[in-house]
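Counted from 1, the sequence shown has number 125 at position 125 by the numbering used here; the numbering is strictly sequential. Cβ atoms here follow ideal geometry from the backbone N, Cα and C, with glycine treated the same way. Just so it is clear, the structure is predicted and the values come from calculations on it, not from any experiment.
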Amino acid sequence: MSPTPSVISYRTINPENTRNVSSMEKLASPLNLSAIQMESTASFAMPDMAPSALVSTLGTAQMTPGPAGAAENTCLSSSSQLDSKHTTSNFSFVDRSRSKASTGDITAMKEFFDFSAAARTDGRSACSMTHLTSTKARPQHKHASKTRELKDVASDTESESSVLDNLDSLIELAGTVEDQGRYEWSRVLLQRVVRIHRQRFGNKHPSTFGALEALSRILRRQGRYSEADQLLDGALKAFVDTEGPQSLETLLCMGLLALAKVDLGLYHQAVDLARKALEIGQETLGLGDPVLAKAKENLGIVLSFEGHHVQAEEIHREVLATRRETLGAEHLKTLYSMHFLSISLGGQKKFMDMEAEYVPKFLIETRILGTHHPNTLNSMHGIARALCGQKQYVKAEAIHRAIIAIRQEVSGPEHPHTLFGIHNLAGVLRDQGKHDEARALYHQLLEIEKRTIGPEHPWTLTTQANLVSVLDCLGEDEEADALSIATLEARERILGVQHTSTLASKNQLARLCEDRGDYQEALKLYEDVLEVRRKVLGEGHELTVATVATAERVQRAIREEVESVYSD
């Protein structure tokens, strides 16, 4: 009899930049936040401020919407990564949210699991080799008492319930170190969990998919997009072979794979997978089934990335109505639907409507989850983003400062969540013309990100790209050009020449060339971008249309330059 196909049939990429084990024991140096102190921050001190006061201060929907900042991924946040365990972009069916991150006890963890493999992995992993701590110590992990039991978790003599209990402990431990931003350790734990699930229970056991989902999330958070794609593609083939093409596991795995394709910029493939998963759900599940609602939601998400925001809005409104009816207005998944609906509204530049969706979501989460919960902070970010779209930069800046203060307290100064907040603040400062302050923050971020997640992690490259826009505004042409070229080359190497982020970098470099009067080079770069966007996004996509207009503008400039030479 042939062996059961494995859902973990993928190969981990070999490290290119191995870090020393001793670096794990080093505490991250505190981030100097003196550059981002602001008197108005006190009025947004969330622990001492009622939600109603915040909403009053925000002044919801008072101004006419305007365009958001022009720089790339200005509002970078954990929500934009589509993989957060806590934020409203969470795709887990088991909510393991915590109101505070924990430091944990690495001594206890090492007793029952050998983390040497994590120490040898590559430097691209997010915060993998840096001991990130929160500002407040937490008690020892409650499952540390199972040290010896977990050593032999895969023993054939153990009962199924005992093994499952121990695997649940490992998954919870992986969540604890994930909360700390120590994604590499979490990945190693989850790889073992998935492997044991496969060996002991096969692909059909319900908890196998949960472990697989958690592992794929960690890989994506580390920027290991190709590995996540490999993992889920192999898992999908295994589920189809063993459970059938219309099984629940197949449907769920298709949804995860669609989101992994989004990370790779393969939007057409993502939409095809999401549509196929929805078709399976419509054929096999009832109208009110939560899995069917999830399949619809996934399609709405990938449609937004493809630029079809109107279609996405329709889908998210349908899912939101279903969840309000079946789950209630304050259910976690209902709040997720409000988040994704808000994103689709923002994509249409309906920033007042976007704000109007986020504010009640924020009020519910503040009351139920508390002011420090990641979901609540994510809603604050959404409100700030909507305010940016309305050009209410002062209010948005104050909210981002409040988010940073809370995340520093909860997660520490160098945790990815804190860094996301600082990145967003830098973008708002840039939008206000405070370029010197923005540059200082971007430089700080780059130093931390290069040290903790590596110089070629996608998040690091996004910071570089946004720093380029600030340097250009400051007239630092030489530094801007050099950094733009370096970012483009890294993205071509890491993400591929057709990835949307790579195209954004090429477009940015073209704009710099245009500003310097090098129209021939600018036109060549714009035409390269246009060719790929037509192929990947389609002729009618807003980015394709914008690139056509830009290329035509440069062509006119070249003609005018030639005519002026002949006229002289």
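{"Query": "Tell me the start and end of each unbroken alpha helix (DSSP H) in the stretch 441-504 that is at least 4 residues and wholly inside, in chain order.", "Result": "458-473 and 477-494"}
{"Query": "Just checking, does the stretch 462-479 make contact with the stretch 222-235 on the three C-beta pairs under 8 Å criterion?", "Result": "no"}
{"Query": "Mark residue 394 as exposed unless 16 or more other C-beta atoms lie within 10 angstroms of its C-beta, in which case mark it buried.", "Result": "exposed"}
{"Query": "Could you give the distance in angstroms between the alpha-carbon of residue 103 and the alpha-carbon of residue 543?", "Result": "For residue 103, the pLDDT reaches just 26, beneath the cut-off of 50, and the residue's location in the model is therefore unreliable, leaving the point undetermined."}
{"Query": "Excluding the 5 residues preceding and the 5 following residue 491 in the sequence, name in chain order all residues of the same chain whose CB lies nearer than 7 Å to its CB.", "Result": "461, 499, 501, 502 and 505"}
{"Query": "Quick one: Cα of residue 223 to Cα of residue 340, how far?", "Result": "22 Å"}
{"Query": "Would you mind giving the Cβ-Cβ distance between residue 175 and residue 537, rounded to the nearest angstrom? I have them listed as a contact below 8 Å.", "Result": "No, residue 175 and residue 537 are not in contact; Cβ-Cβ is about 36 Å, not under 8 Å."}
{"Query": "The alpha helix (DSSP H) that contains residue 417, what's its start and end?", "Result": "416-431"}
{"Query": "With three or more C-beta pairs closer than 8 Å as the rule, is the stretch 288-302 touching the stretch 260-278?", "Result": "yes"}
{"Query": "Would you mind stating whether residue 278 and residue 285 have Cβ atoms separated by less than 8 Å?", "Result": "no"}
{"Query": "Determine, using beta-carbon pairs with one atom in the stretch 409-429 and one in the stretch 166-184, whether at least three such pairs fall under 8 Å.", "Result": "yes"}
{"Query": "In terms of alpha-carbon separation, which member of 209, 243 and 290 lies closest to residue 257?", "Result": "209"}
{"Query": "Near residue 426, which residues of its chain fall below 6 Å by C-beta distance, leaving aside the five closest residues on each side in sequence?", "Result": "438, 441 and 442"}
{"Query": "Nearest to residue 524 by alpha carbon, out of 189, 192 and 548?", "Result": "548"}
{"Query": "Nearest to residue 483 by alpha carbon, out of 494, 470 and 495?", "Result": "470"}
{"Query": "In terms of alpha-carbon separation, which member of 515, 262 and 559 lies closest to residue 476?", "Result": "515"}
{"Query": "For residue 431, count the other beta carbons within 10 Å of its own beta carbon; 16 or more makes it buried, fewer makes it exposed. Which is it?", "Result": "buried"}
{"Query": "Which same chain residues, not among the five before or five after residue 132, have their C-beta less than 6 Å away from its C-beta?", "Result": "For residue 132, the predicted structure reports a pLDDT of 29, less than 50, and the residue's modelled location is therefore unreliable. A value from the coordinates is still provided. The answer, listed in chain order, is 28, 180, 181, 412, 414 and 415."}
{"Query": "Please name the residue in 250, 219 and 354 whose C-alpha comes closest to that of residue 264.", "Result": "219"}
{"Query": "Which runs of the beta strand (DSSP E) fall wholly inside the stretch 190-262 and span at least 3 residues, in chain order?", "Result": "none"}
{"Query": "Please report the residue range of the alpha helix (DSSP H) in which residue 574 lies.", "Result": "No statement about residue 574 is possible, as the shown extent of the chain runs from 1 to 568 and does not include it."}
{"Query": "If I measure Cβ to Cβ from residue 560 and keep anything under 6 Å in the same chain, skipping five residues before and after, which residues do I get?", "Result": "none"}
{"Query": "Compute the Euclidean distance between the alpha carbons of residue 166 and residue 508, then round it to the nearest angstrom.", "Result": "50 Å"}
{"Query": "If the criterion is Cβ atoms closer than 8 Å, does the pair residue 403 and residue 380 meet it?", "Result": "yes"}
{"Query": "Between which two residues does the alpha helix (DSSP H) harbouring residue 397 extend?", "Result": "393-411"}
{"Query": "Check each candidate in 495, 280 and 398 and name the one with the smallest Cα separation from residue 428.", "Result": "398"}
{"Query": "For a test of the three-state rule: what should DSSP assign to residue 390, helix, strand or coil?", "Result": "coil"}
{"Query": "Between the alpha carbons of residue 243 and residue 494, how many angstroms are there, rounded?", "Result": "35 Å"}
{"Query": "Helix, strand or coil for residue 509 per DSSP?", "Result": "helix"}
{"Query": "How far does the alpha helix (DSSP H) with residue 324 in it extend, from its first residue to its last?", "Result": "309-326"}
{"Query": "Given residue 520, which residues of its chain have a CB within under 8 Å of its CB, disregarding the five upstream and five downstream residues?", "Result": "558"}
{"Query": "Assuming residue 351 contacts residue 382 under a Cβ cut-off of 8 Å, what Cβ separation, rounded to an integer in Å, is found between them?", "Result": "At roughly 11 Å, the Cβ-Cβ gap does not stay under 8 Å, so residue 351 and residue 382 are not in contact."}
{"Query": "Suppose contacts are defined by Cβ-Cβ distances below 8 Å. Is residue 250 in contact with residue 236 by that definition?", "Result": "yes"}
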